[in-house]
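A.B. asks: Numbering (the UniProt record's numbering), first residue to last: 1 to 250.
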Ligand SMILES: Nc1ncnc2c1ncn2[C@@H]1O[C@H](COP(=O)(O)OP(=O)(O)OP(=O)(O)O)[C@@H](O)[C@H]1O
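(1) My guess is that residue 153 and residue 76 are in contact by the Cβ rule of under 8 Å, so how many angstroms apart are they, rounded?
(2) Which runs of the alpha helix (DSSP H) at least 4 residues long sit entirely within the region 30 to 98? Give them in chain order.
(3) Is residue 84 near ligand 1 - that is, is its Cβ less than 7 Å away from at least one heavy atom of it?
(4) Look at the Cβ atom of residue 200, then the Cβ atom of residue 227, and state whether they are nearer than 8 Å.
(5) What does DSSP give as the partner residues of residue 218 in its beta bridges?
(6) With H, G and I counted as helix, E and B as strand and the rest as coil, what does DSSP make of residue 17?
(7) Check whether the Cβ atoms of residue 26 and residue 6 lie closer than 8 Å to each other.
(8) Residue 88: beta carbon under 7 Å from a heavy atom of ligand 1?
(9) Could you check if residue 55 belongs to the surroundings of ligand 1, using beta carbon to heavy atom distance under 7 Å?
(10) Residues in its own chain within less than 6 Å of residue 3 by CB, not counting five upstream and five downstream?
(11) I want to know whether the region 107 to 120 touches the region 85 to 92 - three or more CB-CB distances under 8 Å.
(12) Shortest alpha-carbon distance to residue 9 belongs to which of 209, 67, 61 and 225?
(13) Below 8 Å between beta carbons: does that hold for residue 38 and residue 219?
(14) Looking only at its chain, what residues have a beta carbon closer than 8 Å to the beta carbon of residue 96, apart from the 5 residues adjacent to it on each side?
(15) What is the DSSP secondary structure of residue 12, reduced to helix, strand or coil?
(16) With a threshold of 7 Å, establish whether the CB of residue 46 neighbours any heavy atom of ligand 1.
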């Protein structure tokens, strides 16, 4: 069943230099539980597309359906994880993950259960009373993921979430994300300009062309799951990366 459907979507910004067409005629479906990456060069409209799906940005033409219902603004059925650190520095790890549940007025007993389960899933249980500044960048990213999961969204939207991390931490976080995703399957839309990251994580990659962003190609990624670091070094991975680089460069 389709979780998300996008039909004929376009976005034109009115800027001081005149109209800027960021996205043109975008069409795609996302199945329940699917992991989709949107990849393209800088400025091709990836963040704009994600912001439109999240409801933070309006679209100019077309339609977005979430569970067959048109998206008309932000909602708790979608949670976003950005590249920048979104943790609240004045709250502990526990309180950060609990925050969205308090806003949603979830009762304290249920809140405690959800937060404790997530702390354990994210392997942050030993750090529940620490403050974000006492933790590494990778651990803070895990808090962000925990906050997004806590509110039990239908779709997780991730905008270059690991873009600010060094390569070793970044690959560790990709493994972490896949582990969490395999335990609690959510539909994920993941933005990145890193082809290898997209190939490692996704069920399908949507390649956008440079501005205006149009769908250049949709590539199914059939590497078996669970995936591990060995995949990144395999011949098949290397060949697909070269093939995709070639398509992107065309
Ligand atoms: N508020 C705005 N007003 C005018 N133009 C905008 C606005 N926001 C984005 N754009 C333009 O729309 C295009 C797409 O921007 P967007 O940030 O979505 O690209 P991106 O693929 O996410 O880029 P990057 O990978 O560098 O983050 C760019 O040309 C950008 O200049």
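Where is the CB? At the ideal position from N, CA and C, for every residue including glycine.
C.D. replies: On the basis of the coordinates in this document:
(1) Locating residue 153 in the chain shown gives position 153, counting from the first residue. Locating residue 76 in the chain shown gives position 76, counting from the first residue. Correct: roughly 7 Å between the Cβ atoms.
(2) 46 to 54
(3) As a first step, residue 84 is located in the chain shown; it is residue number 84 there, counting from the start. Every heavy atom of ligand 1 is 7 Å or more from the Cβ of residue 84, so no.
(4) Along the chain shown, read from residue 1 onward, the residue named residue 200 stands at position 200. Along the chain shown, read from residue 1 onward, the residue named residue 227 stands at position 227. Yes, Cβ-Cβ distance for residue 200 and residue 227 is below 8 Å.
(5) Position 218 of the chain shown, counted from the start, is the residue given in the question as residue 218. DSSP output for residue 218 lists 206 as bridge partner(s).
(6) Position 17 of the chain shown, counted from the start, is the residue given in the question as residue 17. Of the three classes helix, strand and coil, the one that applies to residue 17 here is coil, per DSSP.
(7) Within the chain shown, residue 26 is the residue found at index 26, counting from 1. Within the chain shown, residue 6 is the residue found at index 6, counting from 1. In this structure, residue 6 lies closer than 8 Å to residue 26 by Cβ.
(8) Here residue 88 corresponds to residue number 88 of the chain shown, with the count starting at 1. Checking every heavy atom of ligand 1 against the Cβ of residue 88, none is found closer than 7 Å.
(9) In the chain shown, residue 55 corresponds to position 55, counting from 1. Checking the Cβ of residue 55 against ligand 1 gives no.
(10) The sequence position of residue 3 within the chain shown is 3, counting from 1. 30, 32 and 187.
(11) no
(12) Counting from 1 along the chain shown, the entry for residue 9 is found at position 9. Nearest C-alpha to residue 9: 61.
(13) The residue given as residue 38 occupies position 38 in the chain shown. The residue given as residue 219 occupies position 219 in the chain shown. Not closer than 8 Å, so no.
(14) The count along the chain shown starts at 1 and reaches residue 96 at position 96. Result list for residue 96: 87, 88, 132, 143, 146 and 147, in chain order.
(15) Start at 1 with the first residue of the chain shown, and residue 12 comes out as number 12. Correct three-state label for residue 12: strand.
(16) Taking the chain shown and counting its residues from 1, one reaches residue 46 at position 46. Checking every heavy atom of ligand 1 against the Cβ of residue 46, one is found closer than 7 Å.
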